[in-house]
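Contents: one structure, followed by commentary.
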Amino acid sequence: MDPSAINTLTEINLNHTELLCLMKKNATRLLDAGVTTACDLGSKGMTAIQVRDGIKKGEVTGPRLQCANAPLTVPKGHAHAMGGVCGGGADLIKLPLGLLTAAQGHPMLVELKNGETLNGHLVNCDNWMNLTLKEVVQTTPEGDRFFRLPEVYVRGNNIKYLRVPEEILDIVKEQQQNQPSGRGGRGGRGDGKDRGRGGRGGRGRGRGRGG
Numbered sequence: 001m002d003p004s005a006i007n008t009l010t011e012i013n014l015n016h017t018e019l020l021c022l023m024k025k026n027a028t029r030l031l032d033a034g035v036t037t038a039c040d041l042g043s044k045g046m047t048a049i050q051v052r053d054g055i056k057k058g059e060v061t062g063p064r065l066q067c068a069n070a071p072l073t074v075p076k077g078h079a080h081a082m083g084g085v086c087g088g089g090a091d092l093i094k095l096p097l098g099l100l101t102a103a104q105g106h107p108m109l110v111e112l113k114n115g116e117t118l119n120g121h122l123v124n125c126d127n128w129m130n131l132t133l134k135e136v137v138q139t140t141p142e143g144d145r146f147f148r149l150p151e152v153y154v155r156g157n158n159i160k161y162l163r164v165p166e167e168i169l170d171i172v173k174e175q176q177q178n179q180p181s182g183r184g185g186r187g188g189r190g191d192g193k194d195r196g197r198g199g200r201g202g203r204g205r206g207r208g209r210g211g
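Under the working numbering, the sequence shown is numbered contiguously, ending at residue 211.
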């Protein structure tokens with residue numbers, strides 16, 4: 001507690017090697033304290049995955065880790081330095097669905113609008129962002145109680161945000177970059193199915209006649 005009653009913020013900058021070393025030490029301390037499973041609620045780069053894989057291989061002493069990695073955010077937004085930056089507009093609309101498709105079988109952390117968190121592996125999803133997770137650790141909004149659930153179904157309209165491994169974000173961004181933009185030029189022909197103004201093509205941005 002800050003005795004001055006003034007909110008303060010201290011930032012500690014560590015390079016990748018220093019950060020990874022510190023995380024490995026903390027993992028060992030967790031196990032020494034009797035913790036057998038721990039949840040990563042957001043980490044920089046792939047450090048949490050590296051520690052998790054090191055534990056699985058016996059190279060690092062620590063508990064079983066469930067990793068969430070970087071949150072989705074806008075450029076210069078909250079936690080943007082951790083990765084998962086969306087360019088805004090169309091990216092923020094299209095990325096979640098593509099991300100959910102690519103993330104099937106991978107670890108994911110879901111925070112619900114009521115404050116609960118679900119940390120598990122994504123089994124499947126649909127176009128309405130309804131999710132099914134397996135091997136789930138549910139945490140209460142207060143963070144003081146945990147429950148293990150074999151499977152959970154989550155309605156998309158109850159989701160506040162998602163966290164997935166960073167490599168999934170890279171996969172989805174690469175897929176989007178390789179796709180055509182779908183925007184018609186002035187008087188150009190769109191690729192949608194809707195009938196545009198003055199032509200049979202999809203709607204472009206220009207007011208000229210479609211081809």
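We put the beta carbon where it would ideally sit given N, CA and C, even for glycine.
Per DSSP, reduced to three states, the secondary structure at R52 is helical. Comparing alpha-carbon positions, the option among I49, A33, G115 lying closest to M23 turns out to be I49. Around the beta-carbon of T139, 16 or more other beta-carbon atoms lie within 10 Å, marking it buried. DSSP, reduced to helix, strand and coil, places L41 outside both helices and strands of the structure shown, so it counts as coil. Shown here, H16 sits in a helix according to DSSP, grouped into three states.
An exposed status is given to A33, since fewer than 16 other beta-carbon atoms sit within 10 Å of its beta-carbon. In chain order, N158, I159, K160 place their CB closer than 8 Å to the CB of K113, counting only its own chain and leaving out the 5 sequence neighbours on each side. With at least 16 other beta carbons inside 10 angstroms of its own, D40 counts as buried. Relative to H16, the option among V51, E116, Q104 whose CA is nearest is V51. Annotation for V123: T132, K134 place their beta carbon closer than 6 Å to its own, counting only its chain and skipping 5 residues before and after. Following the DSSP letters along the chain, one finds H121 inside the beta strand (DSSP E) bounded by residues 117-125.
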